[in-house]
Amino acid sequence: MSANGKWEAVIGLEVHCQVRTATKMFCGCANQYGDAPNTHVCPVCLGLPGSLPVPNEEAIRKTILTGFMLGCQIAPVARFDRKNYFYPDMPKNYQISQYDDPLCAGGSVGLDPFQFPKELQETEEAQARRKIRLVRIHLEEDVAKSFHFEERSGIDFNRAGTPLMEIVTEADLRTPGEAFAFLGSLRQILWAGGVSDADMEKGQLRCDVNISVRPAGESKFGTKVELKNLNSISGVRRALVHEIARQIAVVEKGGSLVQETRRWDDNAGATFTMRTKEQAHDYRYFPDPDLLPVRTDRGLQEAAKKSVPELPSEMQARLVKDFGVTAYQASVLACDRVLCGFYEKAAAATKNKAAVANWILNDFLSTQPDPATTPVKPEYFAELADLVTAGKINSAQGKKVFAELVANPSSPHEIVKKMGLEQISDTGALAAMCEEAIAANPRSVEDYRAGKMNAINALKGFVMKKSQGKANPVQIDEILKQKLGG
Amino acid sequence: MSAPKLNVSDVATLARLALTKEETEKFTAQLGQVLAHMEALAKIPTENVPEVHPPDHPVLRKDVPSPSLPVEIALSNAPAQANDLIVVPKIVE
Amino acid sequence: MSLAHETVASLRRRLAKKEIKSRDIVTDLLKEIDAREKTIHAYTQVDRESALKAADLADVSLPLGGIPIALKDNLNATGDPCTCSSKILEGYKAPYDATAVARLRQAGAVFLGRTNMDEFAMGSSTENSALGVTRNPWDSSRIPGGSSGGSAAAVAGRIALAALGSDTGGSIRQPAALCGCVGLKPTYGRISRYGLVAFASSLDQIGPLTRTVEDSALLLSSLAGHDPRDNTTDPRPPETFLSKPTNSVKGLKVGLPKEYFIPGMDGETEQAVRAAADWLQKNGAEIKEVSLPLTPSAIAVYYILATAEASANLARFDGVRYGRRAADPRDVLDLYQRTREEGFGPEVKRRIILGTFVLSAGYTDAYYRKAQKVRGLIRQDFEKAFQGCDLLLTPTSPEPAFKLGERTQDPLKMYLADVFTISVNLAGTCGISLPCGFTQSNLPIGLQLIGPRFGEEKMLQAAHTYEQSHDFWKRMPPL
Chain A
66 MSANGKWEAV IGLEVHCQVR TATKMFCGCA NQYGDAPNTH VCPVCLGLPG
116 SLPVPNEEAI RKTILTGFML GCQIAPVARF DRKNYFYPDM PKNYQISQYD
166 DPLCAGGSVG LDPFQFPKEL QETEEAQARR KIRLVRIHLE EDVAKSFHFE
216 ERSGIDFNRA GTPLMEIVTE ADLRTPGEAF AFLGSLRQIL WAGGVSDADM
266 EKGQLRCDVN ISVRPAGESK FGTKVELKNL NSISGVRRAL VHEIARQIAV
316 VEKGGSLVQE TRRWDDNAGA TFTMRTKEQA HDYRYFPDPD LLPVRTDRGL
366 QEAAKKSVPE LPSEMQARLV KDFGVTAYQA SVLACDRVLC GFYEKAAAAT
416 KNKAAVANWI LNDFLSTQPD PATTPVKPEY FAELADLVTA GKINSAQGKK
466 VFAELVANPS SPHEIVKKMG LEQISDTGAL AAMCEEAIAA NPRSVEDYRA
516 GKMNAINALK GFVMKKSQGK ANPVQIDEIL KQKLGG
Chain B
5 MSAPKLNVSD VATLARLALT KEETEKFTAQ LGQVLAHMEA LAKIPTENVP
55 EVHPPDHPVL RKDVPSPSLP VEIALSNAPA QANDLIVVPK IVE
Chain C
16 MSLAHETVAS LRRRLAKKEI KSRDIVTDLL KEIDAREKTI HAYTQVDRES
66 ALKAADLADV SLPLGGIPIA LKDNLNATGD PCTCSSKILE GYKAPYDATA
116 VARLRQAGAV FLGRTNMDEF AMGSSTENSA LGVTRNPWDS SRIPGGSSGG
166 SAAAVAGRIA LAALGSDTGG SIRQPAALCG CVGLKPTYGR ISRYGLVAFA
216 SSLDQIGPLT RTVEDSALLL SSLAGHDPRD NTTDPRPPET FLSKPTNSVK
266 GLKVGLPKEY FIPGMDGETE QAVRAAADWL QKNGAEIKEV SLPLTPSAIA
316 VYYILATAEA SANLARFDGV RYGRRAADPR DVLDLYQRTR EEGFGPEVKR
366 RIILGTFVLS AGYTDAYYRK AQKVRGLIRQ DFEKAFQGCD LLLTPTSPEP
416 AFKLGERTQD PLKMYLADVF TISVNLAGTC GISLPCGFTQ SNLPIGLQLI
466 GPRFGEEKML QAAHTYEQSH DFWKRMPPL
């Protein structure tokens, strides 16, 4: 909704996501990023005369898995079509894709509040956890990569033919914030399934946006503009903010928008016309005669079903319910399955599951550990939490133990012994120290008895110093108060 | 399917062929005849065409790498190359 | 007698007995090439040195060991050009072997050279070659047929023992008929298309052109079989064809489709094919009239589907990664348009235009999708016919070889010449053409036997029996 509430943005996304496989979609060349140019090519992905495609089973399985994770219907028969157009990054000048019979149809992506930009996470919009409907998911081959120089361009075909999943949403999104959250939420799910690394900066996740505006409450769609060249999730948000404002400015003045494709320029902070509807491609789709239809209900669907993981939303709900962590903590854990596994192991060893979460997420994470290889065992955090809760050490001592735990990993019990940090809880010993404190601080005693409650802190401080920080702060507070007669 | 509107010029653009004016005229006449011959298809009833079933045998490839072409061979037919990239005139979006 | 006049089978026997060496065969063939290739122009290249070298290294214990074979110039063979008789593939050197080529290599064959064709296999006369025409060895003023005209003329002209061709709408069978040799189009899915430069992916098949049916079976046995690189190949286990000739047609049910014997067809052709039918009947076969009612629509269906697929298959020829590139392109669009305009001949351009049109927005339903549906009905026609017959018998070509230049200005007339062969590709079944007579002017006439899908064995048996009971296969063109 625009600031004056008069206009509403209607947004749909087309997300292309590289599928993580060992080989390309239609040939056995390695699906590898970052190697020397044209070192992963063969007659098939170079489009040499006479070459033929053969589909990658794993890419299809992972696409079906994605369909299951997103609640789609899986087509019992998968078919491939040729999408015909000329471009130098196209080895055959047609792309093998899916048109009439995509692998997956329908489904949805729930917007995770913690995937909204930080400043929007507490808003009604984020908390609404809207479900964004999908139209379809299909599988296709990626194009080559071009590099542009002053007067020429150079093409590297390593990327040509790598498997690409195209996820198309309904025009359900209403704000740039939602689009931002959609991409983040989708990425979490893709990571959970091991389907893709989905790094936008590496080109593993690419996004085109369809955006139109209409008067608030209107059900008819306005003129649709397609945006391209969005290279990061925050770039998508910036582009949408700009484009929505541009469109509203036009229609508010009574002008009309052109149905076109516009290019986002992040440096200029604006969109520019790329091509109009008249210049749009005629893709002349037809079924690829080189590829036989693939039955997905003869084992592919079962294989995919077996690897459906716990979804981020399910995991978050479970962590809050079973472990008592906060929603925010649950979202952090759900982002990193290895970290979460580490946490769950720690939490299994103690009743103080929320305290363990605090230690791991607040303290441990800031040391930038690698939870997969760290010598700090998860069980240590359970011990640490138990020690503090049982009063064997106080929280200040706990921090000391933690620091030592990270520097020289060993069981907290041992560390406490080694450092001589056992909290003194012996009433007699504490009483003696309290009497000393009272004797040594007559001014504070007077002040306290005169009504200045905070004066007790100097006495407490004296005891803590005397005890080298080992005195149980709760007990000395009680004892002092008793002796001071307050 | 009456009098198909074959605009040879427009189709040639789609097919990236820079036809001469002569060719465009000649092809328009020749292909016009061919298309006229195809008119008869419209009259054939096709409501009950048997469906083609997908095959039962496995047709997919296991995700196991096989050797790629050495880069010199991959580029050996390229009309223009530099730094192991295939070179074309500057691509403008 | 020159070894070049013998058959593959007989030479194999002599090689096995060590009566002759592979080099002797190659040498004799090269002599014949020197004598007649200038007139016939069947070859785009002859590999003298490498053929002799390969002959010396040949392992004659292999099924085709030591046998020289010519390849149609649209089959990739490592290190060789693969021109498809087109300017646009000038300079291209194949970095890989087509599976069919690799299998012949594995079977011990020696490669003699590459044969001329209609550009990108588009044509029925080999007049669409950018590398010059090929002439019919029986009458050098006439076409050899197409698109595998070079292969057929070489085999018939005794300047090749055997050759590979490709057949999309009759391009092996029709030139075989016009040149008086044997041409086999296997069932779609029999032989891998990996490495065959694609014309129409759902119709193309590689096949042998040979002097005899026995030779054809020999080559088919080495070529056929599943290939993981070609998704459309059939997974059935390998077969050896014609290993036990029955030499009998007793009890064979042979159908004559009435739509293939139309009034006004060439009289001598009809006569020769009916004589073959009579012979079959006399020798115990049952001849019945059948109907393939959709025959008249086959040309339209073919020219919609084949050109549509071709328009996409030929899009890759753009001057970017291989082949000829237009000089000094201003920009990418200019590179594409001029490379393709300069590189493709008129027939190829015509078919690309037609194919692009029938797929284009607003027309694809009426043309492409409609043709697909009618194709399904044509397939059904054949299945029905084979319910009551083992094989079908038809003429291969409606007429014998016409004169060079006669049809080049009339594409539609040229297309209509494919009428008897085209439906077999649409239905995906197998077909073989073999000599069944000669015209008054000594031009070959071919009959076509059509088998059901994967029915090659029965088809080869019948063809072999008929062939060996007649002398047509022995007749040689003026050498």
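Residue numbers (the working numbering), protein chains in the order written: chain A, 66 to 551; chain B, 5 to 97; chain C, 16 to 494. No residue lacks a Cβ here, since even glycine has one placed at the ideal position from N, Cα and C.
Next item on the list: With DSSP collapsed to three states, give me the class of alanine 213 of chain C.
Entry: Three-state DSSP puts alanine 213 of chain C in coil, outside helix and strand.
Check: How would you label proline 74 of chain B, buried or exposed, when you count the other beta carbons within 10 angstroms and need 16 or more for buried?
Finding: Residue environment analysis places proline 74 of chain B among the exposed positions, since fewer than 16 neighbouring C-beta atoms fall within 10 angstroms of its C-beta.
Note to self: What are the residues in the region 91 to 109 of chain A lying within 7 Å of chain B by C-beta distance?
What the structure shows: Against chain B - using a Cβ distance shorter than 7 Å - the residues of the region 91 to 109 of chain A are Gly93, Cys94, Ala95, Ala101, Pro102, Asn103, Thr104, His105, Val106, Cys107.
Note to self: In the DSSP output, what is histidine 307 of chain A paired with across the bridge?
What the structure shows: Among the bridge pairs identified by DSSP, histidine 307 of chain A is matched with none.
Item checked: Option in A:Leu356, A:Lys370, A:Asp355 with minimal Cα separation from aspartate 362 of chain A -> A:Lys370
Item checked: Three-state class that DSSP yields for leucine 464 of chain C in the structure shown -> strand
Check: Is the Cβ of isoleucine 129 of chain A closer than 7 Å to any Cβ of chain B?
Finding: no
Notebook entry, point to check: Do you know offhand how far glutamate 379 of chain A's Cα is from proline 62 of chain B's?
Noted result: Approximately 35 Å, taken between the alpha carbons.
Next item on the list: Note down, in chain order, every chain A residue with its Cβ under 9 Å from the Cβ of valine 92 of chain B.
Entry: Identification of chain A residues near valine 92 of chain B by a Cβ-Cβ cut-off of 9 Å yields Pro153, Ser211, Arg217, Ser218, Gly219, Ile220, ordered along the chain.
Next item on the list: Tell me threonine 336 of chain A's beta-bridge partners as DSSP assigns them.
Entry: A:Trp329
Next item on the list: Apply the 10 Å Cβ neighbour rule to proline 474 of chain A and answer buried if 16 or more other Cβ atoms are within range, or exposed otherwise.
Entry: exposed
Margin query: Looking at the strands, I want to know which residues DSSP matches up with proline 156 of chain A.
Written below: Proline 156 of chain A pairs with nothing; no bridge assigned.
Next item on the list: Note the first and the last residue of the continuous alpha helix (DSSP H) segment covering tyrosine 408 of chain A.
Entry: 402 to 413
Margin query: Just verifying my parser: in three-state terms, what is the DSSP assignment at valine 23 of chain C?
Written below: helix
Next item on the list: State the DSSP-derived secondary structure class of proline 141 of chain A, mapped to helix, strand or coil.
Entry: coil
Item checked: Reduced DSSP category for glutamate 291 of chain A - H, G, I as helix; E, B as strand; rest coil -> strand
Next item on the list: Would you mind giving the Cβ-Cβ distance between leucine 462 of chain C and leucine 449 of chain C, rounded to the nearest angstrom? I have them listed as a contact below 8 Å.
Entry: 6 Å
Item checked: Stretch pair the region 87 to 101 of chain A + the region 218 to 229 of chain A: three plus CB contacts closer than 8 Å -> yes
Item checked: Nearest-angstrom Cα separation, counted from glycine 299 of chain C out to cysteine 196 of chain C -> 26 Å
Note to self: Can you pull the chain C neighbours of valine 53 of chain B, defined as C-beta to C-beta under 7 Å?
What the structure shows: Lys388, Gly391, Leu392
Note to self: Let me confirm a value: serine 306 of chain C is counted as buried when at least 16 other C-beta atoms fall within 10 Å, else exposed. Which label applies?
What the structure shows: exposed
Item checked: Inter-stretch contact (C-beta, 8 Å, three-pair minimum) for the region 269 to 279 of chain C and the region 394 to 409 of chain C -> Judged by Cβ distances under 8 Å, the region 269 to 279 of chain C makes contact with the region 394 to 409 of chain C, as three or more pairs qualify.
Next item on the list: Just the chain B side, please: which residues come within less than 8 Å of serine 326 of chain C by C-beta, in chain order?
Entry: Ala19
Check: Are the C-beta of glycine 210 of chain C and some C-beta of chain A separated by less than 7 Å?
Finding: For glycine 210 of chain C, the answer is yes, since a Cβ of chain A falls inside 7 Å of its Cβ.
Note to self: So for aspartate 273 of chain A, helix, strand or coil by DSSP?
What the structure shows: strand
Notebook entry, point to check: histidine 479 of chain C: which of C:Phe256, C:Asn246, C:Ala330, C:Leu67 sits nearest, CA to CA?
Noted result: Closest by alpha carbon: C:Phe256.
Note to self: With H, G and I counted as helix, E and B as strand and the rest as coil, what does DSSP make of methionine 230 of chain A?
What the structure shows: strand
Next item on the list: State the start and end residues of the unbroken beta strand (DSSP E) segment that holds glutamate 481 of chain C.
Entry: Before going further, note that residue 481 of chain C is tyrosine rather than glutamate in the sequence given. First-last for tyrosine 481 of chain C: 471 to 483, but that is the alpha helix (DSSP H), not the beta strand (DSSP E).
Margin query: Against chain A, with Cβ distances strictly below 7 Å, would isoleucine 95 of chain B count as a contact?
Written below: yes
Margin query: According to DSSP, leucine 224 of chain C sits in a beta bridge with which residue or residues?
Written below: C:Ala178, C:Gly198
Next item on the list: Provide the residue(s) that pair with isoleucine 161 of chain A in DSSP beta bridges, ordered along the chain.
Entry: A:Arg147
Next item on the list: Tell me whether glycine 219 of chain A is buried or exposed, calling it buried when 16 or more other Cβ atoms sit within 10 Å of its Cβ.
Entry: buried
Notebook entry, point to check: Whole-angstrom Cβ separation of asparagine 131 of chain C and serine 181 of chain C, contact assumed at under 8 Å?
Noted result: Wrong, their Cβ atoms sit about 13 Å apart, outside the cutoff.
Checklist line | Start and end residues, alpha helix (DSSP H) containing cysteine 499 of chain A | finding: 492 to 505
Item checked: Inter-stretch contact at 8 Å, needing at least 3 Cβ pairs: the region 309 to 324 of chain A / the region 96 to 110 of chain A -> no
Next item on the list: Let me know if glutamine 96 of chain B comes out buried or exposed under the rule of 16 or more other beta-carbons within 10 Å of its beta-carbon.
Entry: Per the sequence shown, residue 96 of chain B should be read as valine rather than glutamine. Label assigned to valine 96 of chain B: exposed.
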